[in-house]
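In the working numbering, the protein residues as written are 703 to 867.
As structure tokens, then:
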């Protein structure tokens, strides 16, 4: 049990570091909210290498820590909405075995943005935010594909290391 807790702590710290790197990167694509989603790399690896419960715990704790450290309550609500919807869709996509790791990641990237837009529409009480959705879908697809490719490579190498041990 202690080994599992230590492993989860290490994965949480890694996801938190990736979130911190994103926070430091001065990326400006002209549309607010576009980020590479590096922390999702750790969540996807956990989803494939460990189990759904661990991936959920990791995602939730990472979003909570990142929100408390770098954000505010409002940003945490958007992140939780996007992150939890993204995770739910990735879990379903993985279970149906129709998508590769990269495909699952792309769906996660897209639905993270969808979750955030839905919450923003409810908070601001205007549907005009839907105009951002096409741009956010494109960015979620691109960043999801890049993160998914990295995750697939990492999972392949971790599985090889597991076989050697």
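Even for Gly, the Cβ is constructed at its ideal location relative to N, Cα and C.
Under the three-pair Cβ rule at 8 Å, the segment 758-775 does not count as touching the segment 813-831.
Per DSSP, reduced to three states, the secondary structure at residue 714 is helical. Annotation: residue 801 to residue 844 spans about 16 Å, alpha carbon to alpha carbon. One Cα belongs to residue 822, the other to residue 789, and the distance between them is close to 19 Å.
Taking residue 711 as the centre and dropping the five residues before and after it, the same chain places no C-beta closer than 8 Å to its C-beta. Ranked by Cα distance from residue 752, the options 866, 860, 867 are led by 860. A straight-line Cα-Cα distance of about 30 Å links residue 848 and residue 829. Just so you know, the alpha carbons of residue 746 and residue 803 end up roughly 8 Å apart. For residue 861, the secondary structure class from DSSP, reduced to helix, strand or coil, is helix.
Here the segment 737-745 makes contact with the segment 705-721; the two share three or more CB pairs at distances below 8 Å.
Nearest Cα to residue 855 within the set 807, 867, 836, 769: 807.
Between the alpha carbons of residue 784 and residue 727 lies a distance of about 20 Å.
An exposed status is given to residue 833, since fewer than 16 other beta-carbon atoms sit within 10 Å of its beta-carbon. Every alpha helix (DSSP H) of 4 residues or more that sits fully in the segment 735-812 is shown, in chain order, as 741-751, 754-772, 775-797. For residue 763, the CB contacts under 6 Å within the same chain, skipping 5 residues up- and downstream, are 714 in chain order. A residue is called buried when at least 16 other Cβ atoms come within 10 angstroms of its Cβ; residue 792 meets this threshold and is buried.
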